[in-house]
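Student: Line by line, the protein sequences give chains C and W.
Reminder that position 182 of the first sequence reads as 203 in the working numbering, one-by-one numbering, no gaps.
Reminder that position 118 of the second sequence reads as 499 in the working numbering, one-by-one numbering, no gaps.
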Amino acid sequence: MIKEYNLISRIQGDIITVQAAGIRNGELATVKGQGRSSLAQVIRLQGDQVFLQVFAGTRGISTGDQVRFLKHPMQVAFGEALLGRIFNGSGQPMDGGPVLTSLPKIEIGGPSVNPIRRIIPRGFIETRVPMVDVFNPLVESQKLPIFAAAGEPYNELLARIGMRANADVVILGGIGLKYDEYLKFKNSFEQAGVLSRTIMFIHTASDPVVERLLVPDLALAAAEQFGVQGKRVLVLLSDMTAFADALKEIAISMDQVPSNLGYPGSLYSDLAARYEKAVDFEGAGSITILAVTTMPGDDVTHPVPDNTGYITEGQFYLRKGVVEPFGSLSRLKQLVIGKVTREDHGHIMNSMIRLYAKSREVEQKLAMGFDKTPEDDRYLDYSQKFYRRFLDLKVDIGLEQALDLGWQTLAECFSPDEVGIKQEMIDKYWPQKK
Amino acid sequence: MTDRTVGKVVSVNGPLVVAEIDPGREVMQNEVAYVHCQGQALKSEVIRIRGRQVDMQVFESTAGLMIGDAVDFSGQVLSAVLGPGMLGNIYDGLQNPLALLENNQGFFLKRGQYLPPLDEEKIWDFVPLAKKGDRVKAGEYLGEVTEGLFGHPIMAPLALSGNWEITEISPAGKYKISSHIARIKNQDGQEINVAMKQEWPVKQPMRAYRERLLPDKQLLTQCRLIDIFFPLAEGGTACIPGPFGAGKTVLQQIISRYAEADIVIIVACGERAGEVVETIREFPQLEDPQTGRSLMDRTVIICNTSSMPVAAREASIYTGLTLGEYYRQLGLKVLLLADSTSRWAQALRESSARLEEIPGEEAFPAYLESRIAAVYERAGVVKLHNESTGSLTMIGSVSPAGGNFEEPVTQNTLKVVGAFHGLSRSRSDQRRYPAIDPLISWSLYLRQMEDFLNLRHPEWVERVKQTHKLMADGHAVRQMMLVVGEEGISLPDLVSYQKSEIVDATCLQQDSFDPVDRATSRQRQIEDFLLLTEMVRHQFDFENKQQARDQMTRLQNLFFQMKYSPYQGEKYTGYRREIGRMLGKEEAR
Ligand SMILES: Nc1ncnc2c1ncn2[C@@H]1O[C@H](COP(=O)(O)OP(=O)(O)OP(=O)(O)O)[C@@H](O)[C@H]1O
Ligand SMILES: [Mg+2]
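(1) Counting only runs that start and end within the segment 414 to 441 of chain W, where is the beta strand (DSSP E) found for 3 or more residues in a row?
(2) I believe Thr329 (chain C) touches Thr314 (chain C) by the beta-carbon criterion, under 8 Å. Please report the beta-carbon distance rounded to the nearest angstrom.
(3) Please list the partners that Asn484 (chain W) has in chain C, where partner means a Cβ-to-Cβ separation under 9 Å.
(4) Within the 8 Å Cβ cut-off, does Gln277 (chain C) reach chain W?
(5) Grab me the residues of Ser809 (chain W)'s own chain with a C-beta within less than 7 Å of its C-beta, minus the 5 sequence neighbours each way, in chain order.
(6) Is it the case that the CB of Thr630 (chain W) approaches a heavy atom of ligand 2 more closely than 7 Å?
(7) Who are the neighbours of Asn281 (chain C) on chain W, taking C-beta pairs under 8 Å?
(8) Is Val249 (chain C) buried or exposed, if buried means 16 or more other CB atoms sit within 10 Å of its CB?
(9) Pick out whichever of W:Leu479, W:Pro498, W:Leu795 and W:Asp500 has its Cα sitting closest to the Cα of Leu490 (chain W).
(10) How would you label His533 (chain W), buried or exposed, when you count the other beta carbons within 10 angstroms and need 16 or more for buried?
(11) Is Glu297 (chain C) near ligand 2, going by C-beta to nearest heavy atom under 7 Å?
(12) Tell me which residues share the same chain as Leu66 (chain C) and place their Cβ nearer than 8 Å to its Cβ, disregarding the 5 neighbours each side in the sequence.
(13) Quick check: is any heavy atom of ligand 2 less than 7 Å from the C-beta of Gln327 (chain C)?
(14) So for Tyr175 (chain C), helix, strand or coil by DSSP?
(15) Report the rounded CA-to-CA distance for Gln419 (chain W) versus Val393 (chain W), giving the unit in angstroms.
(16) Would you give the residue range spanned by the beta strand (DSSP E) that Met536 (chain W) belongs to?
(17) Compare the C-beta of Gly81 (chain C) with all C-beta atoms of chain W and state if any pair is closer than 8 Å.
(18) Can you check which of these residues, C:Gly342, C:Asp228 and C:Asp69, is closest to Phe76 (chain C) by C-alpha distance?
(19) What three-state label does DSSP hand Phe507 (chain W) in the structure shown?
(20) Does the segment 115 to 129 of chain C come close enough to the segment 78 to 91 of chain C to have 3 or more Cβ pairs within less than 8 Å?
(21) Against Ala322 (chain C), what residues of chain W qualify as contacts under a CB-to-CB distance less than 8 Å, listed in chain order?
(22) Kindly provide the ranges of any alpha helix (DSSP H) runs that are 4 or more residues long and lie completely inside the segment 617 to 705 of chain W, ordered along the chain.
(23) Indicate whether Gln494 (chain W) and Leu475 (chain W) have their beta-carbon atoms separated by less than 8 Å.
(24) Going by alpha carbons, who is nearest to His919 (chain W) out of W:Glu546, W:Leu911 and W:Asp720?
(25) Might you give, ordered along the chain, the residues of its own chain that have their beta carbon closer than 7 Å to the beta carbon of Val583 (chain W), omitting 5 neighbours on each side?
(26) Report buried or exposed for Ile358 (chain C), applying the criterion of at least 16 other Cβ atoms within 10 angstroms of its Cβ.
(27) Within 10 Å of its beta-carbon, does Ser559 (chain W) have 16 or more other beta-carbons around it, so buried, or fewer, so exposed?
(28) Please indicate yes or no: does the CB of Glu580 (chain W) lie closer than 7 Å to some heavy atom of ligand 2?
(29) Look at the Cβ atom of Asp608 (chain W), then the Cβ atom of Gln906 (chain W), and state whether they are nearer than 8 Å.
(30) Could you give the uninterrupted runs of the alpha helix (DSSP H) lying entirely in the segment 240 to 299 of chain C, keeping only those of 4 residues or more?
(31) On a Cα-Cα basis, can you pick out the residue from W:Glu743, W:Gln568, W:Leu713 and W:Ile644 that is closest to Tyr284 (chain C)?
(32) To which residues of the same chain is Ala734 (chain W) closer than 8 Å at the C-beta, ignoring the five residues directly before and after it?
(33) Count the other C-beta atoms from every protein chain shown that fall within 10 angstroms of the C-beta of Val864 (chain W), then say buried if there are 16 or more, exposed otherwise.
(34) Give the interface partners of Phe302 (chain C) over in chain W, defined as CB-CB distance under 9 Å, in chain order.
(35) Would DSSP call Ala50 (chain C) helix, strand or coil?
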């Protein structure tokens with residue numbers, strides 16, 4: 022029997038309180054008022070007081086609205102029929118297609134994978150972005166955010182990798198996404214011909230804030246099912262900072278003591294619960310998560326990027342339109358470098374980065390007006406070549422080609438004993454002078 | 382006890398559940414209770430009692446819980462089960478064996494499953510070490526079973542107080558861990574059975590030893606930067622704070638493999654599941670060079686990763702410490718690695734916030750400092766009742782918000798540890814791994830173990846200090862060069878800068894992924910470091926800066942190639958000889 026209540030005793034922020042009995046923690050409800058109905062979820066029980074977060078926000082909710090408890094937690098329809106479809110932030114179709122009533126429903130935000138049933142990831146995902154492939158390769162089942170300030174082309178980079186990576190299923194979770202950005206994603210997937218294996222859950226910037234909380238869970242619940250069925254799933258999430266901001270709003274409405282800049286102390290655990298869904302299942306598929314985390318004020322120590330960095334397996338910094346070579350890091354790279362990829366990969370990577378760091382120092386030194394040594398000239402030359410051949414996002418080459426170009430660049434600028442590479446590798450790969 | 386206290390749920394707020402008990406019933410702080418929810422019993426721990434209202438943290442998701450659901454109190458505080466058969470296991474924070482749990486859809490953890498931590502059916506060969514009539518105290522050895530490589534003593538219960546007398550002891554034979562192998566009685570005539578397994582409350586330090594000793598022997602990690610510059614002592618404590626991605630976990634992983642310990646306990650506390658998987662999957666294949674057996678045979682993993690329930694994360698560190706203290710009682714050299722203690726502190730913060738306690742700095746509870754101190758204080762080297770020693774060494778990583786060490790967890794940890802291995806963003810960005818910053822790190826054990834370390838070489842500690850000073854000088858020159866350029870500094874300054882770069886590149890930096898470089902034995906550390914200090918002390922006689930640059934680059938490359946060459950191999954000796962020649966010696970020594 023579905024119970025209905027119509028005495029809302031308190032409305033604070035996006036939380037309402039009703040007096041009710043026999044209600045379960047996490048249960049879903051609808052709140053119905055004049056001409057509007059919104060989903061809500063039980064987030065706290067205290068005696069006969071039930072606290073619900075209202076996904077569409079509480080604006081316009083009146084104390085006399087009707088609250089119906091649905092006797093189940095949040096669910097999403099699941100099946101092959103999801104492919105090619107576009108849903109909004111509460112899982113309703115927004116592409117004009119049919120509602121998927123006949124599909125089985127799965128619960129979202131489920132428990133974590135038993136660590137014992139995970140395997141060590143081994144799959145190298147080639148993106149043809151040399152700053153990624155050579156210096157910080159993406160590995161199947163990795164969770165990796167793109168850290169960027171507002172205005173950087175992060176969604177382009179996300180879409181580009183999403184299209185190239187050969188995943189069985191691509192799931193895009195848009196969180197507070199500008200409508201134009203949504204259209205751009207849709208267009209580029211269409212053009213690349215991957216729309217038929219794509220699912221989108223799109224919460225746009227004009228949708229209610231609390232609804233953002235659902236998007237990663239919807240996307241990841243679907244991903245998890247495909248993964249269990251043996252599919253290799255790539256989940257793209259943009260922008261997780263908008264997600265964290267919704268957590269903050271709820272925490273403030275619940276009078277929680279904030280730990281840092283208003284964010285709740287549970288921010289780390291809340292983000293980790295989502296990112297940890299990235300997995301390589303033993304004997305089944307995998308989930309790779311590539312997310313965008315915009316950095317308020319371009320500050321990486323802001324609680325959202327900071328907590329994210331502690332959770333994810335590295336990060337790509339997108340700065341001035343390029344993937345930064347220094348802060349960017351793929352933590353799973355050692356699982357594929359030199360193992361799945363060519364044996365010289367690791368040596369080239371380390372040496373080129375070290376020398377690039379040195380050439381930046383030289384640039385700084387010269388900018389301060391110091392004399393140039395002949396050595397400096399070589400570093401400057403190297404720096405320019407590095408930018409043109411590797412850093413520039415326009416460069417579109419495969420890994421092996423990029424490695425060869427790396428040796429060539431080193432040989433053009435340095436002698437073998439300056440590059441700090443093991444002799445065996447030098448003997449084998451150092452380009453011979455003609 | 383059939384007459385257990387029961388209660389009913391009156392409030393649910395995330396993992397914090399409040400139950401109301403009948404008036405006049407007893408309940409204990411830290412008592413384990415089970416909350417009944419949709420046919421499952423969810424384990425929880427009492428964390429506050431106010432009249433009839435009992436606050437509990439539930440170690441599982443509380444989704445589906447309802448007001449009025451029943452709560453059972455167990456009458457027992459949260460405990461670990463200790464005995465033969467723990468090695469090689471992978472436990473969750475509450476000591477559930479993860480490999481034996483049933484999984485939803487084959488992959489996902491199901492809540493409400495609790496299994497015995499030890500194999501109750503396994504048969505052990507027991508040999509008595511004591512005899513009828515012997516007097517025993519808590520922790521004294523009654524007998525022994527063989528577990529893998531070593532004898533695993535069976536102790537008189539660690540919780541005993543006073544003197545007891547053995548009234549019965551089983552003969553050598555095959556027993557299960559719950560079988561009684563002895564009976565003992567005390568002066569008051571109280572008589573109890575002793576089994577091979579026993580329980581210990583995880584939040585209580587184990588003290589069944591004669592005395593604590595000052596840590597004065599080195600615990601070798603085979604990480605040069607630690608062993609040479611900021612050494613660890615057996616029974617000592619260290620922390621590794623560092624911003625994300627600076628290398629805390631890789632450093633701990635490498636230590637867990639190559640440290641010279643008998644037992645390694647890895648507590649994966651609120652970090653990534655993927656990192657534990659590497660250990661779980663790789664350790665069984667790796668050989669422990671000291672014993673020739675699989676590394677897993679000396680390892681216990683306690684795993685409460687970041688997406689597992691937060692309350693159990695808090696428990697995981699205590700479970701790890703309890704296991705560590707238990708092995709110390711067996712006279713073993715135990716190393717506990719906790720990654721990351723900040724996640725444990727955050728779990729405290731989350732529960733404190735739900736209890737609506739007055740928050741301290743950055744919303745951490747005011748008792749953070751004492752809790753951190755209490756955790757690290759459980760490490761130590763002890764003399765046991767039988768005169769042998771056992772040690773528990775603890776290394777905790779710390780994940781400071783924003784990478785800023787001025788935050789409460791880092792600061793309170795620094796107050797209590799014996800060594801500080803601070804990782805810096807600038808070193809990790811430059812890929813100078815391990816990114817332990819020599820200019821901010823310290824170890825009190827360098828002085829405390831001076832005599833021990835000088836067994837390596839009579840001037841060892843002096844040379845270490847001298848080299849450490851060179852690092853500081855080199856850094857100062859480098860800073861100066863950034864302002865005045867290379868032409869603005871003197872030739873001797875340039876040379877000391879270059880010397881410091883050689884030390885950095887060839888001794889401090891150590892490639893965790895290179896088969897030769899990742900671990901450096903004691904003997905190799907001695908030989909290589911002494912040669913390096915010959916270079917540090919050498920008075921080079923350069924005519925100009927260009928010559929200095931050329932020569933020092935050559936020298937650096939020789940040291941560099943040497944460190945990647947297998948110890949005492951042909952290449953290695955070749956490079957040594959060449960370095961010796963450059964330093965004007967026939968054979969470097
Ligand atoms: N000693 C090392 N040798 C080579 N690479 C290293 C070393 N230490 C760290 N790295 C590189 O840095 C990455 C991050 O290291 P690690 O995971 O240990 O960081 P962390 O400090 O534990 O970060 P977090 O706080 O986010 O867990 C590794 O994946 C590896 O690529
Ligand atoms: Mg780590």
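Even for Gly, the Cβ is constructed at its ideal location relative to N, Cα and C.
Tutor: By the coordinates alone:
(1) Secondary structure within the segment 414 to 441 of chain W: the beta strand (DSSP E) runs of 3 or more consecutive residues, fully enclosed, are 421 to 431 and 434 to 439 (chain order).
(2) Contact flag correct, Cβ pair sits at about 5 Å.
(3) Val134, Asn135, Ile137 and Arg138, listed in chain order.
(4) With 8 Å as the cut-off, Gln277 (chain C) counts as an interface residue toward chain W.
(5) If we look at Ser809 (chain W) and ignore the five residues flanking it on each side, its Cβ neighbours are Gly626, Ala627, Gly628 and Ala816.
(6) Set against 7 Å, the gap from the CB of Thr630 (chain W) to the closest heavy atom of ligand 2 is smaller.
(7) Close to Asn281 (chain C), with beta-carbon spacing below 8 Å, are these residues of chain W in chain order: Glu743, Ala744 and Ala782.
(8) A residue is called buried once 16 or more other Cβ atoms fall within 10 Å of its Cβ, and Val249 (chain C) is buried on that count.
(9) Nearest option by C-alpha distance: W:Leu479.
(10) By the neighbour-count criterion, in which 16 or more other beta carbons inside 10 Å mark a residue as buried, His533 (chain W) falls on the buried side.
(11) Not so, every heavy atom of ligand 2 lies at least 7 Å from the Cβ.
(12) Non-local C-beta neighbours of Leu66 (chain C) in its own chain, meaning closer than 8 Å and more than five positions away in sequence, comprise Ile44, Asn46 and Phe72, ordered along the chain.
(13) In the sequence as presented, Gln is not what sits at residue 327 (chain C); that position holds Asp. For ligand 2, not one heavy atom lies less than 7 Å from the Cβ of Asp327 (chain C).
(14) In this structure, DSSP gives Tyr175 (chain C) a helical state, which the three-state scheme calls helix.
(15) Rounded to the nearest angstrom, the two C-alpha atoms are 15 Å apart.
(16) Counting along the chain, Met536 (chain W) sits inside the beta strand (DSSP E) bounded by residues Phe531 to Met536.
(17) Chain W, which has no Cβ nearer than 8 Å to the Cβ of Gly81 (chain C), makes this no.
(18) Nearest in C-alpha terms to Phe76 (chain C), of all of C:Gly342, C:Asp228 and C:Asp69, is C:Asp228.
(19) Annotated three-state conformation of Phe507 (chain W) is strand, per DSSP.
(20) Under the three-pair Cβ rule at 8 Å, the segment 115 to 129 of chain C does not count as touching the segment 78 to 91 of chain C.
(21) In the sequence on display, residue 322 (chain C) carries Thr and not Ala. Close partners of Thr322 (chain C) in chain W (Cβ separation under 8 Å): Ala782, Gly783, Gly784 and Asn785.
(22) Under the rule that a run must span 4 or more residues, the alpha helix (DSSP H) segments found entirely inside the segment 617 to 705 of chain W read 629 to 639 and 654 to 663.
(23) No, the Cβ-Cβ distance between Gln494 (chain W) and Leu475 (chain W) is not below 8 Å.
(24) Nearest C-alpha to His919 (chain W): W:Leu911.
(25) Apart from sequence neighbours up to five positions away, the residues of its chain that approach Val583 (chain W) with a beta-carbon distance below 7 Å are Leu459, Ser460, Ala461, Ala696, Tyr699, Thr700 and Thr703, ordered along the chain.
(26) Ile358 (chain C) is buried by the Cβ-count criterion.
(27) Exposed: under 16 other Cβ atoms inside 10 Å.
(28) No, since every heavy atom of ligand 2 falls outside the 7 Å radius drawn around the Cβ of Glu580 (chain W).
(29) It is a contact, given that the beta carbons lie within the stated cut-off.
(30) The segment 240 to 299 of chain C contains these whole alpha helix (DSSP H) runs: 261 to 274 and 288 to 296.
(31) Closest by C-alpha distance to Tyr284 (chain C), out of W:Glu743, W:Gln568, W:Leu713 and W:Ile644, is W:Glu743.
(32) Excluding positions up to five away in sequence, the list reads Pro740 and Ala744.
(33) Val864 (chain W) should be labelled exposed.
(34) One finds Gly487 and Phe488 in chain W with Cβ atoms closer than 9 Å to the Cβ of Phe302 (chain C), taken in chain order.
(35) Three-state result, Ala50 (chain C): strand.
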